[in-house]
Amino acid sequence: MEHCLPSLAGRNHPRIWDAGVAMGQEPYTVSILFAERMGHFAFNNLRIDATDVESTGQFAHVIETAVYPQDELSRLPQGIFEKYFEPNGQTGRFQVVERIRRRVAFQWHDLLSFKEIGHGYALVLCKNVLLHFAPRERIEVLKMFHRALAPGGYFATEQTQEMPSEIAPMFERVIPDGQLFRKVACAI
Ligand SMILES: C[S@@+](CC[C@H](N)C(=O)[O-])C[C@H]1O[C@@H](n2cnc3c(N)ncnc32)[C@H](O)[C@@H]1O
């Protein structure tokens with residue numbers, strides 16, 4: 046994130062799509078990273094669309110309430126924990142503060158629909174999800190992310206994920222040893 050954060054945090058209304066978010070720790074981490082970088086008013090223009098295919102509503106509920114057990118938060122630097130989490134009345138559980146919560150919106154979405162949830166995203170984040178898909182599905186999902194990204198937008202995925210050679214020209218690698226890419230404008 047540190048490689049794209051300065052450029053993203055400088056945008057007027059940065060929009061982020063975090064795809065396959067499970068219980069939401071990732072989008073809240075991203076929201077906190079931006080809060081640390083952006084001025085108060087600019088931060089209020091950040092929007093993180095958090096999506097997952099989970100259909101029982103459990104993930105949506107956890108993300109909307111943003112209450113997490115303290116032991117899941119133990120690796121956070123003390124200063125970050127104190128600044129962005131508050132007791133919510135339940136023993137051993139803490140809630141993400143409202144300012145951070147308001148930037149994250151959950152919606153149900155199946156990546157295998159190959160239909161993007163919107164366009165103009167400055168960053169698409171999809172970690173530990175693509176490995177569950179067949180090679181052909183992975184290519185179609187990556188094409189969908191390419192359509193969803195704004196020109197020059199970033200795509201970040203997990204370390205173990207390789208960019209399939211068929212679509213390699215659609216993304217340029219930002220750092221040699223990491224899975225951060227930038228959208229290249231090209232006909233798909
Ligand atoms: C291992 S978790 C990754 C959570 C988070 N991105 C992280 O790295 O900690 C994988 C997530 O992908 C979601 N997922 C699996 N198939 C999906 C699909 N077709 N569309 C959207 N989400 C999917 C699962 O529901 C699960 O929440």
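Numbering (the numbering used here), first residue to last: 46 to 233.
We treat Cβ as the ideally placed atom computed from N, Cα and C, and that holds for glycine.
- Here G198 carries a strand assignment [DSSP, helix/strand/coil].
- Ligand 1 has a heavy atom closer than 7 angstroms to the beta-carbon of G65.
- With three or more CB-CB distances shorter than 8 angstroms, the stretch 51 to 69 counts as touching the stretch 84 to 95.
- The way I'd put it, the stretch 187 to 203 does touch the stretch 157 to 175; three or more beta-carbon pairs between them come closer than 8 angstroms.
- Taking F126 as the centre and dropping the five residues before and after it, the same chain places the C-beta of L118 closer than 7 angstroms to its C-beta, in chain order.
- For A111, there is no enclosing beta strand (DSSP E), as DSSP marks it with neither H nor E.
- The beta carbon of P209 is closer than 6 angstroms to those of I184 in its chain, skipping five residues each way along the sequence.
- By the Cβ test, the stretch 70 to 79 is not in contact with the stretch 212 to 222, since fewer than three Cβ pairs between them sit closer than 8 angstroms.
- Taking non-hydrogen atoms of ligand 1 into account, the C-beta of H106 is found less than 7 angstroms away from none of them.
- A distance of 8 angstroms or more separates the beta carbons of G65 and C231.
- Looking at G124, L225, D97, R148, the one whose alpha-carbon comes closest to that of A67 is D97.
- Relative to ligand 1, even the nearest heavy atom lies 7 angstroms or more away from the CB of E211.
- Beta-bridge pairing by DSSP links V149 to I93.
- Residue environment for V141: buried (at least 16 other C-beta atoms within 10 angstroms of its C-beta).
- Set against 7 angstroms, the gap from the CB of N173 to the closest heavy atom of ligand 1 is smaller.
- The C-beta distance from V149 to I108 rounds to 7 angstroms, short enough to fall under 8 angstroms.
- Here G197 is exposed: its Cβ has fewer than 16 other Cβ atoms, across all protein chains shown, within 10 Å.
- DSSP places E203 in the coil class of the three-state scheme, outside both helix and strand.
- Note on geometry: alpha-carbon atoms of F104 and A201 lie some 22 angstroms from one another.
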